[in-house]
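Chains as they are written, first to last, in UniProt numbering: chain A, 1 to 333; chain B, 1 to 333.
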């Protein structure tokens, strides 16, 4: 049975870049041949069940906007998606997740040992493929971004049930774990298109801000979203002690006594029960402030697009920010 | 309390290369500064508790033998050791190991989630450091070797309790999981010393054969060695369904009926009881044949050293093979 995708309608103008995305999809599948025969079936499975190819799509849109999209952008898309797949495999081990997008996760199917190794194999393979760029700077940025993703996850894991997690550290975490790969998708696409350093830097900022806003949306929807709408288990962040922006806002907005009550409530693993939380404090404003932070980031991301020529692809990059604005608004109380 | 090292006396002539190894050790510690502050303590702990720096030592000896050892060899040593540390961290998760060299493993100390991420972070960091070589071929070989290590582990995990594991696949597994990193330690050291392609290829073969022989020794000692002699839990391979060369030899040497008995015995998790195994078949010859395979590999490794000039370092590379010959002989029945 093919995986059922319950995700919201994609904001990506697929028609505009469908040829490129088809090539990337074909190239992702073709990577299987580069693994030993024993690894290929595992690889094919995770390719089928995970990943929305957002990072490759962003890279292609930037390259198209700069009117210089070529095969190295396809390679970039493949590598970014493989790194993303590797992190998803390991995330599912860490979260003990049994399903992702309604299909069994790698750890549910083959156990943690195989999933640890499969993620490692994908990581090492991605980095090996990155050396095909013949540009060590690109290779290095991909390595650093991968390290940032892992580091963000480490600090997040370390901060579980740390009710004093600061806003500053929350942003450090999400910039590393989500922003880093978005940022190199758009930055390196510009570099490969021969863009100026200024344009590449603007594209880095666009990707970073978009990725960070996307993570804020993901964190908000985990708190208030409806499970059937997204196809993954929701309300799980608080249960796992992951403090996200709405809760950080809430903790900052209430007095000491309420903060104590909320802390006690969260530590008792009652975090998933929003009704109980609502009895202690009105979380709506905290939630709305979080979605507003997302809107602000998206607005700043749009500013970075000003250096691009006006064309359908640069319009699409703006359209993505508007789409995410809409999703954030849907989360607001 | 510092880790207690029960390992056999090292075969490495440390005096010959102690200055270089000190630099590498200092440089490994200095890597901590390149991680985010939250990661540094974890990193320092795994540096303290794991790794015998065999791969860096081999690289330095090859460079010295070629009379051209410089700071890039130190970088190579650091990178190889970091990759090795990353694989040890993940191996301990997979094996559910609580101690390594008498100190708690990362997973015993911080749990599997943190250990998965810490290994990933070390992997990604190693690959990032590899881009500092300004030579994409070196970078690519390091990536491929890392992928080979993971692939070898995947095939080994997949082959657990596969009583039909072939000799051919056993060698594929150990060449990838252990040989690959040894082989690039010696090959890339030669490349960085400006050696000819022939010498680099000979050094690759030396490292591959030495690493493979080392793994055969490790597998033999797991079967028959004494726990107090090595400082890690022994007799665990069979318990985990890992068929190694002595058992593959044994299965091939007996008739169908005995093969059935041995299989039944192993599948009943009685593998750790050598006495019970001895009642079914005489495993001494199978063990001796395995150690002989190790001796043959070491003899072939020595042949590869003929292209090196005669000097204390090339003598030391030969001495290492003789030392391993001695360890293998100690295992023989």
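For every residue, glycine included, the Cβ atom is placed at its ideal position computed from N, Cα and C.
These numbers come from a predicted model, not from an experiment.
Residue 320 (chain A) has a beta carbon lying at 8 Å or more from every beta carbon in chain B.
With fewer than three CB-CB distances shorter than 8 Å, the region 162 to 181 of chain A does not count as touching the region 135 to 153 of chain B. Assigned with DSSP and collapsed to three states, residue 160 (chain B) falls in coil, not helix or strand. Identification of chain A residues near residue 114 (chain B) by a Cβ-Cβ cut-off of 8 Å yields 154, 157 and 158, ordered along the chain. Three or more Cβ pairs closer than 8 Å define a contact, and the region 96 to 110 of chain B falls short of that threshold against the region 116 to 129 of chain A. Under the three-state reduction of DSSP, residue 100 (chain B) is assigned to strand. A straight-line Cα-Cα distance of about 45 Å links residue 303 (chain A) and residue 113 (chain A).
Counting the other Cβ atoms within 10 Å of the Cβ of residue 50 (chain A) gives 16 or more, which makes it buried.
The beta carbon of residue 103 (chain A) does not come within 8 Å of any beta carbon belonging to chain B, so the residue lies off that interface.
The Cβ neighbour count for residue 137 (chain B), taken over all protein chains shown within 10 Å, is under 16; the residue is labelled exposed. Straight through space, the alpha carbons of residue 311 (chain B) and residue 98 (chain B) are spaced by roughly 43 Å. Residue 171 (chain A) and residue 299 (chain A) have their C-alpha atoms roughly 17 Å apart. Contact of residue 211 (chain A) with chain B is not assigned, every C-beta pair being separated by 8 Å or more. Counting only runs of at least 4 residues, the region 139 to 204 of chain A fully encloses the following alpha helix (DSSP H) elements, listed from N- to C-terminal order: 167 to 174 and 180 to 192. Within chain A, the residues 121, 124, 125 and 128 have their CB atoms less than 7 Å from the CB of residue 147 (chain B), given in chain order. Around residue 90 (chain B), the beta-carbon contacts reaching into chain A at under 8 Å are 116, 117 and 120. Pairwise C-beta distances place the region 156 to 164 of chain B in contact with the region 240 to 251 of chain B, as three or more of them are shorter than 8 Å. Beyond the five residues adjoining it in sequence on each side, residue 23 (chain B) comes within less than 7 Å, by CB distance, of 74 in the same chain, given in chain order. With its beta carbon at least 8 Å from every one in chain B, residue 161 (chain A) lies outside the interface. Taking C-beta atoms as the reference points, residue 206 (chain A) and residue 305 (chain A) count as a pair closer than 8 Å. Against chain A, a Cβ distance below 9 Å from residue 242 (chain B) picks out nothing, because the smallest value is about 12 Å. Ranked by how close their Cα comes to the Cα of residue 224 (chain A), the residues A:183, A:261 and A:329 have A:329 in first place.
Cβ contact annotation for residue 194 (chain B) (same chain, cutoff 7 Å, sequence separation greater than five): 68, in chain order. Comparing alpha carbon positions, the residue from A:38, A:43 and A:66 closest to residue 81 (chain A) is A:43. Neighbours of residue 175 (chain A) across chain B, judged by C-beta separation under 8 Å, do not exist; the nearest C-beta is about 12 Å away. Taking a beta-carbon distance threshold of 8 Å, residue 136 (chain A) counts as an interface residue toward chain B.
When the beta-carbon positions are compared, residue 217 (chain A) and residue 76 (chain A) stay at least 8 Å from each other. For the options B:70, B:41, B:33 and B:36, the alpha carbon positioned closest to that of residue 19 (chain B) is the one of B:70.
Contact residues of the region 276 to 310 of chain B toward chain A are absent (C-beta to C-beta distance below 9 Å).
For residue 150 (chain B), the chain A residues whose Cβ falls inside 7 Å of its Cβ are 117, 120, 121 and 124, in order along the chain. For residue 139 (chain A), the residues of chain B that pass the 9 Å Cβ criterion are 127, 128, 130, 131, 136 and 139, in the order they occur in the chain.
What residue 143 (chain B) touches in chain A, judged by beta-carbon distance under 9 Å, is 124, 125, 126, 127, 128, 129, 130 and 131, going in chain order. Closer than 8 Å at the C-beta level to chain B, one finds no residue of the region 253 to 269 of chain A. In the DSSP assignment, residue 76 (chain A) falls within the alpha helix (DSSP H) that extends over 71 to 95. Counted as a single uninterrupted DSSP element, the alpha helix (DSSP H) harbouring residue 14 (chain A) occupies residues 14 to 30. Below the 7 Å Cβ cutoff, chain A contributes 154, 155 and 158 as neighbours of residue 38 (chain B), in chain order.
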